[in-house]
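Top to bottom, those sequences are chains A and B. Quick note on the numbering used here: the first sequence kicks off at 1 and runs consecutively. Quick note on the numbering used here: the second sequence kicks off at 1001 and runs consecutively. Each residue gets a CB set at the ideal place from its N, CA and C atoms; glycine is no exception. On a predicted model such as this, the values are computed, not experimentally measured, just so you know. To keep things clear, I will list the structure first and then write my remarks on it.
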Amino acid sequence: MTVAANPKYIGTRVARKEDPRLITGEGTFTDDVMLQGVAYMTLVRSPHAHARIRRIDTAAAKKEPGVVAVLTGTDLEATGMLPVFIAVPGMNGSKHMPIATDKARYAGDAVAAVVADSRDAAKRAADLIAVDYEPLPVVVDATKALEPGAPIVHEELGSNLVFTYPVKGGDIDKAFKDAEIKVTQRIVNQRLIPNAMEPRAVAAKFEAGELTLWTTTQIPHFVQLIVALNLGLGQNKVRVIAPEVGGGFGSKLQVYAEELLVGYLSKTLGRPVKWTEERREGYLATIHGRDLVENVEIAAKKDGTILGLRIRTVANVGAYLQAFAPGIPTILHAFIIPGPYKIPAFDVEVRGAYTNTTPVDAYRGAGRPEATFAMERIIDRLADEIGMDPAELRRKNFIPPDAFPFNTISGITYDSGDYEPALDRALAMADYKGFEKRRAEAKARGNYRGIGISTYVEICGLAPSKANSALGVGWGGYESARIRVHATGSVQVFTGTSPHGQGHETSWAQIAADALGVSPNDIEVRHGDTFESPGMGVGTFGSRSLAVGGIAVHKAAEKVREKVVQIGAHLLEASPADVVVENGKVFVKGVPEKAKNFGDISMAAYLANNLPDGMEPGLEATVYYDPPNFTFPFGTHIAEVEIDGETGNVRIERYSACDDCGRQINPMIVDGQLHGGIAQGIGQALYEGAVYDDNGQLLSGSMMEYHVPSAEDIPMFNLDHTVTLTNTNPLGVKGIGEAGTIGSTPAAVNAVIDALSPLGIKHIDMPLGSEKIWRAIRAAGEGRR
Amino acid sequence: MGHTVTVTVNGTSYSREIEPTLLLVEFLRETLALTGTHVGCDTSQCGACTVLVDGRATKACTMLAVQADGATVVTVEGLAKNGDLHPIQRAFAKEHGLQCGFCTPGLMITAVDFLERNASPSDAEIRHAIEGNLCRCTGYHNIVNAIRTASAEMRQAASGEAKIAAEVQP
Ligand code: FES
Ligand code: FES
Chain A
1 MTVAANPKYI
11 GTRVARKEDP
21 RLITGEGTFT
31 DDVMLQGVAY
41 MTLVRSPHAH
51 ARIRRIDTAA
61 AKKEPGVVAV
71 LTGTDLEATG
81 MLPVFIAVPG
91 MNGSKHMPIA
101 TDKARYAGDA
111 VAAVVADSRD
121 AAKRAADLIA
131 VDYEPLPVVV
141 DATKALEPGA
151 PIVHEELGSN
161 LVFTYPVKGG
171 DIDKAFKDAE
181 IKVTQRIVNQ
191 RLIPNAMEPR
201 AVAAKFEAGE
211 LTLWTTTQIP
221 HFVQLIVALN
231 LGLGQNKVRV
241 IAPEVGGGFG
251 SKLQVYAEEL
261 LVGYLSKTLG
271 RPVKWTEERR
281 EGYLATIHGR
291 DLVENVEIAA
301 KKDGTILGLR
311 IRTVANVGAY
321 LQAFAPGIPT
331 ILHAFIIPGP
341 YKIPAFDVEV
351 RGAYTNTTPV
361 DAYRGAGRPE
371 ATFAMERIID
381 RLADEIGMDP
391 AELRRKNFIP
401 PDAFPFNTIS
411 GITYDSGDYE
421 PALDRALAMA
431 DYKGFEKRRA
441 EAKARGNYRG
451 IGISTYVEIC
461 GLAPSKANSA
471 LGVGWGGYES
481 ARIRVHATGS
491 VQVFTGTSPH
501 GQGHETSWAQ
511 IAADALGVSP
521 NDIEVRHGDT
531 FESPGMGVGT
541 FGSRSLAVGG
551 IAVHKAAEKV
561 REKVVQIGAH
571 LLEASPADVV
581 VENGKVFVKG
591 VPEKAKNFGD
601 ISMAAYLANN
611 LPDGMEPGLE
621 ATVYYDPPNF
631 TFPFGTHIAE
641 VEIDGETGNV
651 RIERYSACDD
661 CGRQINPMIV
671 DGQLHGGIAQ
681 GIGQALYEGA
691 VYDDNGQLLS
701 GSMMEYHVPS
711 AEDIPMFNLD
721 HTVTLTNTNP
731 LGVKGIGEAG
741 TIGSTPAAVN
751 AVIDALSPLG
761 IKHIDMPLGS
771 EKIWRAIRAA
781 GEGRR
Chain B
1001 MGHTVTVTVN
1011 GTSYSREIEP
1021 TLLLVEFLRE
1031 TLALTGTHVG
1041 CDTSQCGACT
1051 VLVDGRATKA
1061 CTMLAVQADG
1071 ATVVTVEGLA
1081 KNGDLHPIQR
1091 AFAKEHGLQC
1101 GFCTPGLMIT
1111 AVDFLERNAS
1121 PSDAEIRHAI
1131 EGNLCRCTGY
1141 HNIVNAIRTA
1151 SAEMRQAASG
1161 EAKIAAEVQP
C-alpha cells in the first residue's frame, strides 16, 4: 500500500474545512459551553512558594450567599492523584494531589476549592477562606536545589533529585584527548510560559450515571481514562469532549487538577460545574516549558571535524512531575542533540530537580529546541574559535545522504535525510554570499548586523509502542481511525488525534479522499469526542498526528476502498484488479461510461442482498496504526538581524528557512505551522522569559510583564522545502508541527551574536532584549577603551 | 440588579437588566449568548475580545456593559450580511490567517475598523494596527496577508460601486 501514483488532493492547498465556523463565531470552545443550572468553581491558590498548611478555616466562606460547597484537600482525596505517563530509570516520583493537603510547593498550588452559583460569589467566598500557612525556605534554581542543604520540596524523597539520565556513545575521553581545539559554553535555556491564546477551561455534567466533561485538551482519551479510573466510573460512563481548542503547544497535554475536580464535583454535587482559568491564574497553574542549564563542551580538529560532545544538564521540573515531564529533558532532548552531524563520541548526563516553581512540561518542541539550541550554539562558537565559516563547518560534519538509515551515536536510527540541499537553498534565499556588504552598510548607519544559521534534525511521529515502552513511556504510541461510509455514500472519518489549530479535518479529508476516490468536500472528519472516536486515541503532540494518526486514516481508507473495489467488481461483473475508483465513480478500466456511483456501492453494502459470497454487510473500517520507527524531519533556518547601535534593539530583517518534512499533505497548512513555530522560537530568542524572585514569586506573572510577541515583533518569512520521503510509513510523511520552533531560536541568537562578534562578544543568554544587548555593547565598548 | 441597558448588537436592539459591574464582553457572551467574542486575558493585552462599539474597535473586556448603553455593537457574528461573508472573513480563510481560530474574531474586527480608516495600508501599517491583538498560532504572516488581500478586495468593490454609481447617473 502506497500513496496513489498521482494523488489528486494530497499535496494541494485545499481550503480548510474548519474555517467557515471559526470566521463566523460559530465554533464552540469549552468556555462557550453553557449548561443549565451550572455552578462555578474557583480555586484558592497558595501565595507562598513553599509553606506548610497548618489550618484552613472555611466557616465564613461557607456562609457566603450563593455558595454551594467549600472543600479542602482532605475533602477531595477521592479524586486521586494526577498522573505521570513516563518513568525514566531510577526516577523519584512525586505525590501530586489536585488540592495540596500538607504543604503548598509553589506559588499557585491549589489549597481549597469553592463552588457557587455565580463566579462572583465563588470569588467572594474564596477571599473569605483563611489559610494558616507556615512559610518554609524556598528554592527556585534547579542547580541550587541539588546542593546539599537546599530546602526539600518533597521530604519523603530525601532530596530534590528527580533522575540522573545518561546517554553515552563512543570514547569521549579519547575524543577530548585527541582534540586540537575544545570549546565550552554554558547555556541557559530559559523558562517559558506557553500562552495558548485560549485559557484553560473545564465544564461537566453528570446525568443518568454518565459524566460528560468538556475540556481544553490535546489528549481527550487520556483525560477520559484517568477521570474514569480516579473517580471509579466505567470508561463507558465518562465522555470527554475537546471541542474547539484554542491552541495548546503542550500546555494542554496534561490531565490537570481542574479536570478531575470539575468531574468529581459535578458528580458529587449533582449539578453541572464549570471552571475557566483567568490568564494570571494560568501563568501560575498551567505548565511552563524549557528551563534547562547546560554545560556544553565540544572537541574538534582545527579543520572543523567534530570529535566529541560532552554535555551536563540540569533540568528544572518545578514542584511536581507532570504527565510527560520526565521524558522532555531526557528522551526528547538527549537523544537528538547530535542533530545532522556525525559525532564519534557523545556523553550527556541530565539531572532533573524539583524546585518551588510551577511544574515544567512540554512546550512546543519539548526537548528538541533545547537540544538544537545547545548544538547550534556550540557549533557557532567552534566556528568562531577556528575561524571557519559557520555554514561550511556544518556542511563538513553533515551525515552524508548515502548513510541512511543512520544509527546515531546516541543510539537512535534516522530514517532518511539529505541535509546539504536544504542548507544550500536556505543560503541562497538568505543571500548569504552578499551578507558582508549588508553588514558594512549597517555599520555605516551605526548599527550591528549579523546572520545566523541553524541546521536541525528533530524527532517526530511519537512513536512505536515498543520503543516507547523501552524508553519508559507508559502508554503505546499508536493512533486510531475509523471510517464510516453511510448507505447514501456520505463519509465520516473519526480520528484519535485531537487538533487545536493544525487543520486535521482538512488534511485527513485529503488523505481519505485520495484513497476513496471522492472529494474532500464529501468527507466529514470528526475528532475530540471519546464517545464517537475509536476506543482509544493517543492525541496531538510531538508532531505525531500526521505520521501516526494520518497514516491510520490512510490505512482505514485503504481498507474501505478495498471493499468498494470488491463490491464494484461484483456488481460490474469484472475482476477486482480491473476496477477503478475515482471522482466518485467505480468502473472497469477503459469503460468509464458504465460506472457505478460511489453511493451505489455503499447502498449495496447496506442492502446486502447482492454482495460477493461471504462478504460482511456494511462499509466501515477501524485501524490502530503503530509505526515501526520515529520520523526525522530536518532543515536549515537563517535569520538576519540588525541591532540598533544606540538602543540595543534587535530587529529581524530577513528570515529564510528550508524545511524537509517528507511528503506534504497540504502545503498551505505546512507553511502555517512553520510560521507559528518560527514566531514562537523568535519569542524565546528575543522576548520571552519567566522570571521568579528568590522567594518563588513569579515576577513575569501576567501578559503585561511577559512579552508574547505581537505582529510588530515578527518579520515576514521566506520559506522553501525539500522533500525527502521516509519509508517509515506508506505516505512518506514526517511531521512539521514543531520544526519552526526548533530551527528558529538558534538561528536568531546566532545572528545576534554574529552581529556583536566584532565587539568580542561570544555569547549572551536569552532572551536577547534591548536592555541586555545595550549593556553588552557598552560593556564591550568600555572593555576595549 | 437595577441597571437597564439597551444595546444594539448586530442590528438587533436588546434591553436587559444587569449588574453594574458586568463587563461588555460578559454581557455579549453570557447575557446574549454571543460566544464568538472571546476572553484571552485579564490585563487588556490580547485583543481576543475586540468588538466594534459605534464603529470603533474596542476591547470589550475594558468596558462595562452599562457604558455601552445606547451604543451600536458589532461582533464577529454580525460581520456577514445576509449570508455573504465580509471580505475580511473571506480573506482570513483564503490566506490561512487562522489556525485555532481563538484570536480570529478579535483580529478581524480590528482589521475592519482599521481598513475603514486606511483603505490601502502598507504591511508595516497593518502590523502596527494589529499590535494589540495577539495570536500564538500563525506568526502573523498570513494575518498580514489576509488583511492586505481584504483591503484590495474592498478597494475593488468600492471602485466597482463608484463605477456603477457613475454609470447610473443621468
Ligand atoms: S480579553 Fe484580552 S484584551 Fe480583552
Ligand atoms: S489562530 Fe490560534 S491564536 Fe491566533
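- In this structure, ligand 1 has no non-hydrogen atom nearer than 8 Å to the beta-carbon of residue 31/A.
- Excluding its 5 nearest sequence neighbours in each direction, residue 81/A has C-beta neighbours in its own chain below 7 Å: 95, 96, 97, listed in chain order.
- DSSP places residue 475/A in no alpha helix (DSSP H); its state is neither H nor E.
- Residue 1114/B has a beta carbon lying at 9 Å or more from every beta carbon in chain A.
- Neighbourhood of residue 717/A in chain B, by CB distance below 8 Å: 1139, 1141, in chain order.
- For the region 1005-1047 of chain B, the full-length beta strand (DSSP E) segments reaching 3 residues or more read 1012-1018 along the chain.
- Listed along the chain, the chain B residues whose CB falls inside 7 Å of the CB of residue 675/A are 1138, 1139, 1141, 1142.
- Restricting attention to 1020/B, 1042/B, 1004/B, 1094/B, the CA atom closest to the CA of residue 1147/B is found in 1094/B.
- Excluding sequence positions up to five before and after residue 755/A, its CB lies within less than 7 Å of the CB of 448, 449, 450, 641, 643, all in the same chain and listed in chain order.
- Counting along the chain, residue 132/A sits inside no alpha helix (DSSP H); it lies in the beta strand (DSSP E) bounded by residues 130-135.
- Taking C-beta atoms as the reference points, residue 352/A and residue 323/A fail to come closer than 9 Å.
- Not a single C-beta of chain B is nearer than 9 Å to the C-beta of residue 191/A.
- The beta carbons of residue 348/A and residue 167/A sit closer together than 9 Å.
- DSSP, read as helix, strand or coil, puts residue 493/A in strand.
- A distance below 7 Å between beta-carbons, with the five flanking residues on each side excluded, links residue 693/A to the following residues of its chain, in chain order: 699.
- Exclusion of the five residues before and after residue 376/A leaves 454, 746 as the residues of its chain whose Cβ lies within less than 6 Å of its Cβ.
- These are the residues, in chain order, with a beta carbon less than 6 Å from any non-hydrogen atom of ligand 1: 1039/B, 1040/B, 1041/B, 1044/B, 1045/B, 1046/B, 1047/B, 1048/B, 1049/B, 1059/B, 1061/B.
- For the region 272-289 of chain A, the residues whose beta carbon sits under 7 Å from a beta carbon of chain B are, in order, 278, 279, 280.
- Residue contact with chain B for residue 197/A: present (Cβ-Cβ distance below 9 Å to some residue of chain B).
- Just so you know, the alpha carbons of residue 212/A and residue 120/A end up roughly 25 Å apart.
- For residue 1110/B, the enclosing alpha helix (DSSP H) covers residues 1104-1117.
- Chain A has no Cβ within less than 9 Å of the Cβ of residue 1082/B.
- Distances from the CB of residue 1099/B to the heavy atoms of ligand 2 include at least one below 8 Å.
- Judged by DSSP in its simplified three-state form, residue 154/A adopts coil rather than helix or strand.
- Under the three-pair Cβ rule at 8 Å, the region 630-641 of chain A counts as touching the region 653-670 of chain A.
- Under the three-state reduction of DSSP output, residue 94/A falls in the coil class, being neither helix nor strand.
- Counting C-beta pairs closer than 8 Å gives three or more between the region 177-186 of chain A and the region 368-382 of chain A, which meets the contact rule.
- In this chain, the alpha helix (DSSP H) harbouring residue 22/A covers 19-22.
- The alpha-carbon separation between residue 264/A and residue 53/A amounts to approximately 23 Å.
- Secondary structure of residue 380/A (DSSP, three-state): helix.
- Between residue 197/A and residue 1049/B, the CB-CB gap reaches or exceeds 9 Å.
- Look at the region 313-400 of chain A and you find these whole runs of alpha helix (DSSP H), each 4 residues long or longer: 331-334, 368-386, 390-397.
- Shown here, residue 716/A sits in coil according to DSSP, grouped into three states, outside any helix or strand.
- Taking 8 Å as the upper bound for CB-CB distance, residue 50/A and residue 104/A are in contact here, some 7 Å apart.
- Short of 6 Å from the beta carbon of residue 238/A, and not among the five residues preceding or following it, lie these beta carbons of its own chain, in chain order: 211, 224, 227, 228.
- The DSSP-derived three-state label of residue 1144/B is helix.
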